[in-house]
């Protein structure tokens with residue numbers, strides 16, 4: 001019927017004329033009702049605007065005489081006309097032509113109608129129509145010029161008015177002066193009153209929560225005041241959803257608010273509590289509705305909290321990281337979801353290195369590599385993968401077979417003696433250090449690890465409150481010996497007590513001694529290794545001297561070979577001798593974890609590893625590369641600079657161009673891509689990911 005009426009332009013004009021004329025009330029009512037239905041269609045909307053004389057819609061609303069209004073209200077037919085006229089206005093009020101028609105006196109007429117009408121239903125409908133004007137900039141200006149804020153702010157707490165007032169204020173506060181005024185009027189307290197009243201319907205409470213979010217987004221001072229008074233606890237209690245009836249949309253807005261509060265460092269320190277983390281974790285539980293937007297909002301809020309140690313500790317206690325990861329990765333991957341997952345990986349591993357190994361076990365590496373097709377659409381993919389590798393160097397070396405110049409090893413760096421295939425590394429088969437210490441990983445595979453930490457004496461209270469991983473062993477016998485030379489016997493071991501944190505349990509006193517002796521040699525050469533190390537770690541501008549690189553490479557290379565050439569230089573190092581040596585160490589240490597400083601025999605891998613970890617400690621940029629068939633080597637960069645003055649540049653811009661010989665001619669630098677270098681590496685370079 002509507003389509004047939006709209007095909008001919010004359011019908012809308014006729015119905016508008018009936019409204020304008022002093023016709024029968026029944027005829028007016030039906031005309032208004034028909035126009036209200038027709039304006040729901042775009043064609044009817046256009047024809048009403050083309051009619052031009054839209055003041056007719058306000059004729060029966062503009063009267064301010066209480067007696068006339070009384071008579072109108074007692075006459076139910078007149079009320080129906082009002083209702084239909086308001087429906088028509090609501091449908092067409094956002095059009096710019098209609099806004100011009102209302103600009104002169106129409107807006108004042110509607111506001112006057114709201115003040116004088118006694119029928120609650122008509123009053124709410126009129127208010128909704130007026131506030132719909134706020135969705136356009138012209139409409140907002142018209143309403144603010146008529147001082148609508150003074151009229152509607154007290155209505156926020158009125159049960160019948162809350163919904164439309166909150167929806168209208170969302171648009172009105174886009175004006176900065178209006179935002180300041182509603183804040184001065186104490187709007188936040190009014191909104192919180194609406195939110196926490198369980199008697200109100202969820203649609204109204206949702207509108208109030210969204211209005212609060214929009215206000216806090218635009219005014220950080222309101223965020224500070226809200227947290228200062230502890231009012232965020234109201235939102236946390238609602239989000240905990242103890243009655244399991246919280247709508248998804250409301251939960252999403254609440255998560256957005258808590259995430260917004262967490263972006264401010266000062267506020268974040270005040271609100272980080274187990275209750276907050278617990279409330280956000282409830283957003284990841286299974287629901288019947290579509291919760292992808294809710295989980296994205298909650299994950300973004302968690303991302304802002306990961307920089308706080310208290311938040312990470314609580315997440316660890318309740319297995320929150322695993323809950324979040326399993327919840328968001330099983331959903332169908334979309335670009336927004338991919339973005340938040342990649343951000344989650346990035347923020348987690350950059351905040352705490354321990355989380356890098358946890359995420360790897362959960363399947364973060366596999367997920368990133370399986371979704372690498374999205375790397376061209378979102379740069380977050382590269383950032384997340386680099387962060388995972390850079391904060392978990394053992395994994396990077398296992399997967400790529402290479403540590404770059406700016407990859408600085410530290411305590412607890414470890415590698416497997418036998419390389420693990422890439423697909424197995426991707427699928428989570430690379431051993432985690434805590435699993436090795438808890439003997440849940442295979443004890444037959446030799447793992448070399450690095451620990452420059454000195455032994456620490458713990459009190460009983462420290463041990464009881466320790467968050468480190470502990471290993472229960474009866475004892476490990478100590479048989480230190482020294483033959484008054486720079487090298488010790490091929491056997492070495494350590495003694496420790498039960499349940500000591502693993503950093504103290506696996507203390508490597510020999511590697512610490514190596515470092516002291518090496519630094520003394522460098523000091524004699526007047527090499528400022530402390531400054532070099534700082535420049536590598538911070539990637540700050542610095543000058544790298546070719547001569548210093550050559551001297552340090554030679555000193556470290558000779559030093560490494562002296563420590564790993566066996567008990568005597570007359571017997572060449574072979575795989576057989578190394579296997580026997582490792583068997584003795586495994587027997588004495590009762591572990592497959594071998595501290596690198598305990599090795600007295602080493603081939604390509606062992607020597608390259610020792611060179612790399614020592615070079616990192618004294619500030620010499622070097623690459624550790626693993627090839628095939630047991631071949632590994634170290635690469636260094638010798639810059640070719642012009643005469644002084646030399647420009648400053650970050651050390652990360654260096655590119656390796658020499659290999660350090662650690663087998664035949666210790667300390668010799670061999671140019672890369674030469675026959676001699678290819679013979680040393682046997683052409684088995686490991687490609688990068």
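In UniProt numbering, the protein residues as written are 1 to 689.
All residues carry an ideal CB built from backbone N, CA and C; glycine is no exception.
Item to complete: Please name the residue, chosen from 348, 359, 417, that lies closest to residue 579 on a Cα-to-Cα basis.
Response: Locating residue 579 in the chain shown gives position 579, counting from the first residue. The candidate whose alpha carbon is nearest that of residue 579 is 417.
Practice prompt. Excluding the 5 residues preceding and the 5 following residue 525 in the sequence, name in chain order all residues of the same chain whose CB lies nearer than 7 Å to its CB.
Written response: Here residue 525 refers to the residue found at position 525 when the chain shown is read from its first residue. Cβ within range, chain order: 551.
Fill in: Helix, strand or coil at residue 639 [DSSP, three-state]
On the chain shown, position 639 is the one that residue 639 refers to. Reduced to three states, the DSSP call for residue 639 is coil.
Worksheet entry | Own chain residues within Cβ distance below 7 Å of residue 333, not counting five before or after | Along the chain shown, read from residue 1 onward, the residue named residue 333 stands at position 333. Answer for residue 333: 371, listed in chain order.
Practice prompt. Spell out a yes or no on whether the stretch 572-587 and the stretch 611-618 are touching, meaning 3 or more CB-CB pairs, one atom from each, closer than 8 Å.
Written response: no
Practice prompt. Under 8 Å Cβ to Cβ from residue 447, same chain only, skipping five residues before and after it: list those, please.
Written response: Locating residue 447 in the chain shown gives position 447, counting from the first residue. Correct list, in chain order: 414, 415, 416, 417, 431, 436, 592, 593, 594.
Worksheet item: Grouping DSSP H, G and I as helix and E and B as strand, with all else coil, what is residue 493?
Response: Against the chain shown, residue 493 aligns to sequence position 493. Because residue 493 sits at a pLDDT of 36, beneath the cut-off of 50, its placement in the model cannot be relied upon, and the point is left open.
Worksheet item: If we count the other Cβ atoms within 10 Å of its Cβ and call it buried at 16 or more, is residue 356 buried or exposed?
Response: Indexing the chain shown from 1 puts residue 356 at position 356. Under this definition residue 356 is a buried residue.
Item to complete: Please report how far the alpha carbon of residue 143 lies from the alpha carbon of residue 280, in whole angstroms.
Response: Working through the chain shown from its first residue, we reach residue 143 at position 143. Working through the chain shown from its first residue, we reach residue 280 at position 280. Approximately 38 Å between the Cα atoms of the pair.
Worksheet item: Going by C-alpha distance, which of 410, 389, 409 is nearest residue 400?
Response: Counting from 1 along the chain shown, the entry for residue 400 is found at position 400. When only C-alpha atoms are compared, the closest one is 389.
Discussion item. Could you compute how far the alpha carbon of residue 326 sits from the alpha carbon of residue 127?
Written reply: Position 326 of the chain shown, counted from the start, is the residue given in the question as residue 326. Position 127 of the chain shown, counted from the start, is the residue given in the question as residue 127. Those two C-alpha atoms are separated by around 46 Å.
Item to complete: For residue 247, write down the residues that DSSP places opposite it in a beta bridge.
Response: Along the chain shown, read from residue 1 onward, the residue named residue 247 stands at position 247. According to DSSP, residue 247 bridges with nothing at all.
Practice prompt. Could you check if residue 516 is buried or exposed, using at least 16 other CB atoms within 10 Å of its CB as the buried criterion?
Written response: Translated into positions along the chain shown, residue 516 becomes position 516. Classification of residue 516: exposed, given that the 10 Å Cβ count is below 16.
Discussion item. Applying the 10 Å Cβ sphere with the 16-neighbour rule, what's the burial state of residue 77?
Written reply: Residue numbering aside, residue 77 sits at position 77 when the chain shown is read from its first letter. Here residue 77 scores only 48 on pLDDT, less than 50, and its place in the model is too uncertain to base an answer on.
Worksheet item: If you draw a straight line from the C-alpha of residue 278 to the C-alpha of residue 258, how long is it?
Response: The sequence position of residue 278 within the chain shown is 278, counting from 1. The sequence position of residue 258 within the chain shown is 258, counting from 1. Distance between the alpha carbons of residue 278 and residue 258 is about 12 Å.
Discussion item. Spatial neighbours of residue 213 within its chain, please: C-beta separation below 8 Å, excluding the five flanking residues on both sides.
Written reply: On the chain shown, position 213 is the one that residue 213 refers to. The answer, listed in chain order, is 253, 256, 257, 260.
Worksheet entry | Where residue 419 falls: helix, strand or coil (DSSP) | What you label residue 419 is simply residue 419 of the chain shown in a count that begins at 1. It is coil, neither helix nor strand.
Discussion item. Quick check on the DSSP output: the beta strand (DSSP E) that includes residue 669 runs from which residue to which?
Written reply: Translated into the one-based positions of the chain shown, residue 669 becomes position 669. Its beta strand (DSSP E) spans residues 669-671.
Discussion item. Excluding the 5 residues flanking residue 404 on each side, which residues of the same chain have their C-beta closer than 7 Å to its C-beta?
Written reply: Taking the chain shown and counting its residues from 1, the one referred to as residue 404 is at position 404. Closer than 7 Å at Cβ, skipping near neighbours: 623.
Worksheet item: Can you give the beta carbon distance from residue 191 to residue 156, rounded, assuming they're within the 8 Å contact cut?
Response: By one-based count along the chain shown, residue 191 stands at place 191. By one-based count along the chain shown, residue 156 stands at place 156. Correct: roughly 7 Å between the Cβ atoms.
Item to complete: Give the straight-line distance between the Cα atoms of residue 410 and residue 397, rounded to the nearest whole angstrom.
Response: As a working mapping, residue 410 is identified with position 410 in the chain shown. As a working mapping, residue 397 is identified with position 397 in the chain shown. Answer to the nearest angstrom: the Cα atoms are 14 Å apart.
Discussion item. Do residue 597 and residue 573 count as a contact pair if the criterion is CB distance below 8 Å?
Written reply: On the chain shown, residue 573 is found 573 positions in, with the first residue counted as 1. On the chain shown, residue 597 is found 597 positions in, with the first residue counted as 1. No, they are not a contact pair.
Worksheet item: Starting from residue 295 and walking both ways along the alpha helix (DSSP H), at which residues does that stretch end?
Response: What you label residue 295 is simply residue 295 of the chain shown in a count that begins at 1. Run containing residue 295: 292-305, per the alpha helix (DSSP H) assignment.
Worksheet item: CB-CB under 8 Å to residue 366, same chain, minus the five flanking residues each way: which ones, in chain order?
Response: Taking the first residue of the chain shown as 1, we reach residue 366 at position 366. Cβ neighbours of residue 366 beyond the five flanking positions: 426, 427, 428.
Worksheet item: In this structure, does DSSP put residue 173 in helix, strand or coil?
Response: Within the chain shown, the letter at position 173 stands for residue 173. Note: residue 173 maps to coil in three-state DSSP.
Worksheet item: Any idea if residue 301 is buried or exposed, counting beta-carbon neighbours within 10 angstroms, 16 or more meaning buried?
Response: In the chain shown, the residue the question calls residue 301 occupies position 301. Counting Cβ neighbours within 10 Å, residue 301 comes out buried, since at least 16 surround it.
Worksheet item: Below 8 Å between beta carbons: does that hold for residue 272 and residue 311?
Response: Mapped onto the chain shown, residue 272 falls at position 272. Mapped onto the chain shown, residue 311 falls at position 311. Closer than 8 Å, so yes.
Discussion item. For residue 251 and residue 239, what's the separation of their Cα atoms in angstroms?
Written reply: Within the chain shown, residue 251 is the residue found at index 251, counting from 1. Within the chain shown, residue 239 is the residue found at index 239, counting from 1. Whole-angstrom Cα-Cα distance: 6 Å.
Item to complete: Just mark residue 285 as buried or exposed, buried being the case when its beta carbon has 16 or more other beta carbons within 10 Å.
Response: Here the question's residue 285 lines up with position 285 in the chain shown. Result: exposed.
Discussion item. Please classify residue 199 as buried or exposed, where buried requires at least 16 other C-beta atoms within 10 Å of its C-beta.
Written reply: Along the chain shown, one-based indexing puts residue 199 at 199. Result: exposed.
Worksheet item: Can you tell which of 424, 394, 121 has the C-alpha that lies nearest to the C-alpha of residue 160?
Response: Along the chain shown, read from residue 1 onward, the residue named residue 160 stands at position 160. It is 121.
Worksheet item: Going along the chain, which residues of its own chain have a beta-carbon closer than 8 Å to the beta-carbon of residue 115, five neighbours each way excluded?
Response: As a working mapping, residue 115 is identified with position 115 in the chain shown. So the qualifying residues of the chain are 151.
Discussion item. Would residue 140 and residue 175 qualify as a contact pair, given that the criterion is a beta-carbon distance under 8 Å?
Written reply: The count along the chain shown starts at 1 and reaches residue 140 at position 140. The count along the chain shown starts at 1 and reaches residue 175 at position 175. Yes, the Cβ-Cβ distance between residue 140 and residue 175 is below 8 Å.
Discussion item. Assuming residue 558 and residue 607 are in contact, meaning their beta carbons sit under 8 Å apart, how far apart are those beta carbons, in whole angstroms?
Written reply: Residue 558 sits at position 558 when you count from the first residue of the chain shown. Residue 607 sits at position 607 when you count from the first residue of the chain shown. 11 Å between Cβ atoms; not a contact.
Item to complete: Starting from the C-beta of residue 392, find all residues in its chain whose C-beta is less than 8 Å away, skip the five residues before and the five after it, and write them out in chain order.
Response: Numbered from 1 along the chain shown, position 392 holds the residue referred to as residue 392. Result list for residue 392: 349, 353, 356, 357, 360, in chain order.
Discussion item. Using a 10 Å radius around the Cβ and a threshold of 16 neighbouring Cβ atoms, would you call residue 129 buried or exposed?
Written reply: Translated into positions along the chain shown, residue 129 becomes position 129. Flag for residue 129 reads buried.
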